[in-house]
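In this note's numbering, the protein residues as written are 334 to 1202.
Just so it is clear, CB atoms sit at the ideal spot from N, CA and C, and this is done for glycine as well.
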């Protein structure tokens, strides 16, 4: 009483009254969890235990009598005097640190995705104040759970004495607390507790796994040595050290034991033999094969409401696509009815199709959506809107993905980083995506992408040539770029224009005018009105030396622009230009229907706008590129997987439409440009739209691809000697040429007396030609009025084709080179192609003349041969 101030004595009495009946007997922690163990650790044995083991009920007054009436009591008072202030500091410190610990170390407890409760996790219940009893009670709870876990571990055969020793050290550390560095010591103890929690969990998990192994029999999980599965031991070793690298392994039941490794490697992957005691004898490649359901017939659809719902909302890009779908709905319905009549109620298989628009996903950056209303490029969105509509109208079962999360859900990929394959069959017959989507599929499908990539179709605006597509060849010969190198069959890439015959031609549609609209356009054309192709101000930057053509244009015509701006007129637009700003589609259509000229400045390349202008009765004037633009000399094409040379702003318009609708001139030649403007003002043209860019043309083309292109069925190598030849009257085989000259042509065709192997396009369309040295098959076929057909390469990659063309060969080699099959006239050397993925229409060499498999094509439908429907 003489040494404790009255206020401190009063507080201590309050604490003791709270502890009445609580007891501290029975070891380090009693039956009840309270603060008494901490007082003992600090040297203040306030409560006594009787010899019988029953806790004594000592009140505050009796306590004071006890300690003042004996020497031991005085000693105890002195001990409490020394330790009382640190104890109060300790209580406040624990309270403060506990709050920090809750907000930092256990921050995950407050997140929306709450993890499963851990026995070492403090609930996110904030204390009403910094109360020592509540804080200490929670820490006591944590340590009590740890002790219970350690008791459990002590009963296991392989329990760790090291972890028990850590708890003893923790207890000792608490009992030796000193005022100096108190907060730092508290933090160290808390970190030790956290580490102990993780370690105890690991020990328990390992113990349970080993217990299961003992129960199941260790002999069941010995790593097999089977010559049929030579990679199995190595894969098991890899799994032992890396199975935690991807959550997908745990998703498939891997828990760190050899049994789980072998089950996974034999039932999910295919590196180990099936385990007999699992009662599964089929390897995963056979397990996952699904009995093919009977084909359903596809029926044309004219109602687009379901499609509009599937496209979704929330982005301006999606709103743009939906507006386009609605605007062309009637034309799609009319086209569907026409094609239905043309096909004559022919059976069409309904396909399950996934469309994943990768470039619009948030994961790819989606730089397009924010620019829709600011003059940004719309060509890709135009094409995707038309692809979706065509697939829906053709009657296929369509799913649309605009995010990686949706992609994962549709494909059924396991959670994780893509290390595990799909266990079930691919739920789709076809997957349409782009390069961004292809990369996302690789990331999340892992090993399954290689297995299922034959189902993929990649929408690729500028095309991918075979030399860039073959990964090893591209790497060794300098064709590797940021894109390409996917080892797909080149026809799996689908372009916006038919500029790369090695790829398939997807295209898009332009609005088709009826006869009444065409007459109205002819009557209302303004002869001296020009509209400039370019919605962004950067497209109006006139390069040095080209100022004169704008002056010539202004001299003859009233110039209009549709350049986006927010508040001020863009300085790049000359003052004599009447700028309408960015126009909605229907207002742009009205402007084009009045204008006589639609003029390009050289960029953007190969967009849909020139076709729309020509369809509305405009003449398209574009610059000629000298030298041609390519990945070798122009930044825009650099890095794209193509060596194609672009000779004008819109090569399709120049080659497939041409005069009078399209004029291509040298803008640096003032006389040539002046003459072109005067000619445009004199001539009269009607609105024109090629059939392949109408709704019906696109439906026809996409229908033919879906029903006939199957890249999942391996193409057997063509061996001419295996062909069925006719027999003579005596019964002997009649030998004849495989290729014969065609009438009125320098090309060779398939011999009519030879049985043609099944192929699409059919071999009746084949036209075999020889290119000039340094000429590609694209150019050779085009100059003869044909188109190169890569599907026919395997039928001409033989000595019979060389013999039919009367090529003199002293040596015939089989090599891997994208210009083969070809031959050298000077050296009399001939080469055949050994790698089918490198059959290339685009390849050329100044030293070789190439064997070119050309084909015929339908009028205004270059993608299809005459017999392709």
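Spatially closest choice to residue i from the options, by CA coordinates
| i | options | result |
| --- | --- | --- |
| residue 784 | 775, 791 and 628 | 775 |
| residue 861 | 938, 749, 658 and 1012 | 1012 |
| residue 635 | 1186, 646 and 658 | 658 |
| residue 1151 | 756, 758 and 1165 | 1165 |
| residue 1157 | 590, 911, 642 and 1107 | 1107 |
| residue 686 | 721, 699 and 731 | 731 |
| residue 676 | 632, 650 and 1131 | 632 |
| residue 951 | 923, 958, 959 and 607 | 923 |
| residue 610 | 1201, 555 and 627 | 555 |
| residue 681 | 756, 628, 842 and 979 | 628 |
| residue 962 | 990, 956 and 980 | 980 |
| residue 1103 | 1092, 1129 and 805 | 1129 |
| residue 1072 | 1135, 570, 880 and 696 | 1135 |
| residue 639 | 850, 650 and 655 | 655 |
| residue 705 | 837, 925 and 651 | 651 |
| residue 899 | 695, 889 and 868 | 868 |
| residue 990 | 762, 565 and 1193 | 1193 |
| residue 1034 | 746, 839, 1044 and 887 | 839 |
| residue 857 | 1015, 929 and 1176 | 929 |
Contact belief for residue i with residue j at Cβ below 8 Å, rounded distance in angstroms
| i | j | result |
| --- | --- | --- |
| residue 903 | residue 896 | 6 Å |
| residue 1098 | residue 971 | That pair is no contact at about 36 Å. |
| residue 982 | residue 935 | 5 Å |
| residue 1018 | residue 994 | 6 Å |
| residue 739 | residue 1022 | Rounded, the Cβ-Cβ distance is 35 Å, inconsistent with contact. |
| residue 1201 | residue 1094 | 5 Å |
| residue 1143 | residue 1162 | 7 Å |
| residue 927 | residue 859 | 5 Å |
| residue 553 | residue 592 | 7 Å |
| residue 579 | residue 753 | 7 Å |
| residue 786 | residue 702 | Going by Cβ atoms, the distance from residue 786 to residue 702 rounds to 28 Å, so no, they are not a contact pair. |
| residue 744 | residue 819 | 18 Å between Cβ atoms; not a contact. |
| residue 907 | residue 872 | Contact doesn't hold; Cβ gap of about 13 Å is too wide. |
| residue 933 | residue 943 | 7 Å |
| residue 719 | residue 841 | 5 Å |
| residue 939 | residue 925 | About 18 Å; that fails the 8 Å criterion. |
| residue 1069 | residue 1086 | 6 Å |
| residue 889 | residue 996 | 14 Å between Cβ atoms; not a contact. |
Residue j beta carbon less than 8 Å from that of residue i
| i | j | result |
| --- | --- | --- |
| residue 1168 | residue 803 | yes |
| residue 1031 | residue 662 | no |
| residue 905 | residue 870 | yes |
| residue 573 | residue 594 | yes |
| residue 798 | residue 828 | no |
| residue 1010 | residue 885 | yes |
| residue 948 | residue 831 | no |
| residue 999 | residue 973 | no |
| residue 793 | residue 1173 | no |
| residue 737 | residue 777 | yes |
| residue 762 | residue 684 | yes |
One or two residues paired with residue i in a DSSP bridge
| i | result |
| --- | --- |
| residue 687 | 732 and 764 |
| residue 1100 | 1187 |
| residue 790 | 765 |
| residue 1146 | 1164 |
| residue 997 | 955 |
| residue 1156 | 1163 and 1182 |
| residue 863 | 892 and 930 |
| residue 826 | 791 |
| residue 979 | 962 |
| residue 838 | 828 |
| residue 1081 | 1074 and 1101 |
| residue 912 | 894 |
| residue 1121 | 1187 |
| residue 682 | 630 |
| residue 1194 | 1191 |
Distance cut-off 7 Å: residue i Cβ against heavy atoms of the ligand ADP
| i | result |
| --- | --- |
| residue 1010 | Among the ligands in the structure shown, none appear at all, so the ligand ADP cannot be discussed. |
*Is the stretch 765 to 781 in contact with the stretch 683 to 692, if contact means three or more CB pairs nearer than 8 Å?*
yes
*asked:* Below 8 Å, how does it come out for the stretch 999 to 1011 and the stretch 1026 to 1043: are there three or more Cβ pairs, yes or no?
replied: no
*Validate contact between the stretch 1184 to 1198 and the stretch 1121 to 1131 using beta carbons, cut 8 Å, 3 pairs*: yes
_Three or more C-beta pairs below 8 Å linking the stretch 709 to 724 and the stretch 745 to 761_ = no
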